[in-house]
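**Q** Residue numbers (UniProt numbering): 1 to 861. Idealized CB from N, CA, C, for every residue including glycine. These numbers come from a predicted model, not from an experiment.
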């Protein structure tokens, strides 16, 4: 890679001849350079002899639903800045692209148009690919992948089989999230505010037998390993991950049930409040509720079944809503408090979920708001066991100074409707009275364990990953169901299990997979016994595709393995990942899980897939997300036609910090185009030769140039792209001033500044930068030119301005050496005529000197 400036004469053209007046024309510049780059392949990473250090920069790959939009334009502009920057710093940068091509949107669009999903998907991919090339992102086009291709999803199936071998892929009956519109199940993460994330319809619960990945077995590692990402991932994403996994510590407590042989285990984070439990609540859809009702009256059975139907029609979000009136059914059964022996009535209520803990809770209404709301609704007892009036900082309860005992607020949550959730000391709790919360948790848990009635426990909000989908357009699950042998994995040498053609299949959503009707496909011989058997008709969640795709980029086209572990050791993990915060839970969580599984299999040496993460904001229009219904759609293709690719890319970088939203109504791609034209003309105005001696040039301009060279890398690495663009504009303006005066276009400093501008502009506006580079006398491509090191001697200021004040008012400004000492600076200030006049006959009380910037004389009043 050549240093800046290039000195190889074979790469130099005549830059000294007079040049005609030229006009900046983005369209012609784009048409000129795109085929050149296609031929040169400057971003290929397939040379095994390349010994440069490596960086892996990855943008979240797109879904092929129509052409690129403004959100894509932002994401790929910002990711490309990072990829191009690291090349300039001397790295061999892997920057691949592919398509997340399976899933409901493509299937739904194809059904609507009467097309095969393959046709719809691949047509969109070709359209997006053409737009991406036009957009000039520095992708390695030899490493593209499409997840809907059998040579990709073969390895989804291979991974499924490996998880199945390890007990991490399993099938069970469960209440699942069901989208009535899309007629398929959804993972918990795909339900947003009770609605399907794809179609926005309300989600209901349905009892189905489905395939799961055992992500909960990795819950602790998924939480603990987030510590590795502190400082390199956005803090809000780390928080979202921790909250979704939802690890909590507490105790499992055994409650005997009258008339039942086995006790029921209840998980609680507050064993310290056990003496305050006055009833038990069971999720209506939990097996325990049905069991308890089965031995009840016929009237109870009817009331319960009616209530259960009402509850299962609600989403989890609706059931947990705090402002919803509490409902429930008394099950006519009683539990026994293990510490007090008290009989506790058992209720079924919708605010308890079947998959939380063990599907039942002990209700402590005095200290839990939902329990209190329920108790007040059904006139159940409320018992205070934590005195929040007693501070927990000392061994003895302390009444605040000046407050009488009778003045303390009365502890009566039943009266005011507010649960007592604050800290305090135990009361009404037998031998545990006076203990603080933390001490009580420890002591009561120990007492339960000693008596065999409980033990310390952890609980998680996270549930196993439900991967079954009752749709056609996805990876077939590689399992064969045999009446004799049960679940039989498809032998690896029979992978991939390819999707059958769509001819004769009804892809309309109807609750079961369309694959079940593909008779020739679904009916097979059992690989174990040879008898008649059937393939599994479900397909995999598309998040399986994206949970490991970053590794497939390392071995695209390899039909012998999912990825080469040696290539993973060479390139992975991803050094910089770029994408929207909308994927902060689903995709990132699943990719982290799959990476840990692969680590345990010995296939990778790291446990986190993405070392650093950058979330870009959204592109809005007039304060709102772009949508057809709002009539505020801005078409990317229109913007590119009107302003040029470089102007749009530069605007995306200049609009503000990457994580902030961009309102397209508030930015100016036209202004960006004007700046690019100004920079382009600077390069075309240079008349000095490439080998001119720069040190003979304008010193002031050279200082500005080298200050930019020194500062820009740190700004890029901290994602302050907008600041880099602003500094680049300052450099171009300073260069223009020198061109228009003094030595003019022949000044060596002008060439130096123009070359630095071209190299830096490559980050944001590659077409313009390449054309400038050629005008300056070099062959392509500027994208591979290394960043010039700043001359430190030019960073030292010859003088600085010292402000001189008298009683806080500025009286003079002095040009002084930057290394002036306090004594010399004070002497210079005292010699100032303006200062002498301001002090007059007043006596100086104090002199404050902060060399080299400030002197302040304070006089006596």
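For residue 556, does the three-state DSSP call read helix, strand or coil?
**A** In this structure, residue 556 counts as coil in the three-state DSSP scheme.
**Q** Helix, strand or coil for residue 882, going by three-state DSSP, please let me know.
**A** As shown, the chain starts at 1 and ends at 861. That puts residue 882 outside it, with no answer to give.
**Q** CA-CA distance, residue 778 and residue 61?
**A** In a straight line, the C-alpha of residue 778 is about 34 Å away from that of residue 61.
**Q** Whose C-beta lies closer than 7 Å to the C-beta of residue 841 among residues of the same chain, with five residues either side of it excluded?
**A** Answer for residue 841: no residue qualifies.
**Q** Tell me the DSSP secondary structure of residue 108 in three-state form.
**A** DSSP places residue 108 in helix when its eight states are reduced to three.
**Q** Kindly indicate which three-state DSSP category residue 481 falls into: helix, strand or coil?
**A** Correct three-state label for residue 481: strand.
**Q** Residue 500: which of 303, 521, 491 sits nearest, CA to CA?
**A** The shortest C-alpha separation from residue 500 is found at 521.
**Q** Which same chain residues end up closer than 7 Å to residue 661 when comparing Cβ atoms and leaving out the 5 residues on each side of it in sequence?
**A** Only 617, 618, 620 meet the Cβ criterion.
**Q** Kindly indicate which three-state DSSP category residue 844 falls into: helix, strand or coil?
**A** Reduced to three states, the DSSP call for residue 844 is strand.
**Q** What are the complete alpha helix (DSSP H) segments, minimum 4 residues, inside the stretch 287–329?
**A** Listed in chain order, they are 287–294, 298–312, 316–320.
**Q** Could you work out which residue in 511, 234, 518, 525 is closest to residue 486 when comparing CA atoms only?
**A** Answer by Cα proximity: 525.
**Q** Considering only their Cβ atoms, is the gap separating residue 813 from residue 801 smaller than 8 Å?
**A** Yes.
**Q** Kindly list the residues whose CB is nearer than 7 Å to the CB of residue 74, restricted to its own chain and excluding five residues on each side of it in sequence; keep chain order.
**A** Closer than 7 Å at the Cβ level, and outside the excluded window around residue 74, lie 616, 619, 652, 662.
**Q** What does the Cβ neighbour count give for residue 248, buried or exposed, with the cut at 16 atoms within 10 Å?
**A** So residue 248 ends up on the exposed side.
**Q** When DSSP labels each residue in this structure, what does residue 388 get in the three-state scheme?
**A** The answer is coil: DSSP assigns residue 388 none of H, G, I, E or B.
**Q** Taking only the alpha-carbon atoms, compute the straight-line gap between residue 576 and residue 314 and give it to the nearest angstrom.
**A** Going from the Cα of residue 576 to the Cα of residue 314 covers about 41 Å.
**Q** Does the distance from the C-beta atom of residue 100 to that of residue 144 stay below 8 Å?
**A** No, these two residues do not count as a Cβ contact at 8 Å.
**Q** Could you tell me if residue 241 is buried or exposed, where buried requires 16 or more neighbouring beta carbons within 10 angstroms of its beta carbon?
**A** Flag for residue 241 reads buried.
**Q** Quick check on DSSP: helix, strand or coil for residue 850?
**A** Strand, per DSSP.
**Q** For the alpha helix (DSSP H) containing residue 279, name the first residue and the last one.
**A** Segment 279–282 is the beta strand (DSSP E) holding residue 279; no alpha helix (DSSP H) there.
**Q** Provide the residue span of the alpha helix (DSSP H) that contains residue 664, from first to last.
**A** Taken as a continuous stretch (DSSP letters only), residue 664 belongs to no alpha helix (DSSP H), as it is neither H nor E.
**Q** Please identify the residue among 183, 151, 161, 206 whose C-alpha is closest to the C-alpha of residue 177.
**A** When each option's Cα is compared against that of residue 177, the closest is 206.
**Q** To test your reading of the DSSP string, which unbroken alpha helix (DSSP H) runs of 4 or more residues are found completely within the stretch 23–84?
**A** Segments of the alpha helix (DSSP H) lying fully in the stretch 23–84: 26–40.
**Q** Between the Cα of residue 860 and those of 847, 264, 851, spot the shortest distance and give me the residue it belongs to.
**A** Taking only the C-alpha atoms, the option nearest residue 860 is 847.
**Q** Nearest-angstrom Cα distance between residue 680 and residue 856?
**A** Cα to Cα, residue 680 sits roughly 47 Å from residue 856.
**Q** Please list the segments of the beta strand (DSSP E) lying wholly inside the stretch 159–242, counting only runs of 3 or more residues, in order along the chain.
**A** Runs of the beta strand (DSSP E) inside the stretch 159–242: 169–179, 184–186, 204–213.
**Q** Measure the alpha-carbon distance for residue 632 versus residue 624 and round it to whole angstroms.
**A** Distance between the alpha carbons of residue 632 and residue 624: 8 Å.
**Q** Is residue 866 buried or exposed, if buried means 16 or more other CB atoms sit within 10 Å of its CB?
**A** The shown model of the chain, from 1 to 861, leaves out residue 866, and the question about it has no answer.
**Q** Work out the CA separation of residue 760 and residue 751 for me, nearest whole Å.
**A** The straight-line gap from Cα to Cα measures roughly 14 Å.
**Q** Excluding five sequence neighbours on each side, which residues of the same chain lie with their C-beta closer than 7 Å to the C-beta of residue 36?
**A** Correct list, in chain order: 780.
**Q** To which residues of the same chain is residue 403 closer than 8 Å at the C-beta, ignoring the five residues directly before and after it?
**A** Confidence at residue 403 is low in this model, with a pLDDT of 43, below 50, so its placement is unreliable and no value can be given for it.
**Q** Going by DSSP, which residues form a beta bridge with residue 344?
**A** Answer is 335, bridged to residue 344.
**Q** Between the Cα of residue 533 and those of 26, 519, 697, 345, spot the shortest distance and give me the residue it belongs to.
**A** Among 26, 519, 697, 345, the Cα nearest to that of residue 533 belongs to 519.
**Q** The alpha helix (DSSP H) with residue 495 in it runs from where to where?
**A** First-last for residue 495: undefined, no H or E at that position.
**Q** Can you tell me where the beta strand (DSSP E) holding residue 267 begins and where it ends?
**A** It spans 264–268 - the beta strand (DSSP E) in which residue 267 sits, taken as one unbroken run.
**Q** Is the beta carbon of residue 55 less than 8 Å from the beta carbon of residue 102?
**A** For residue 55 and residue 102, no; Cβs fall outside 8 Å.
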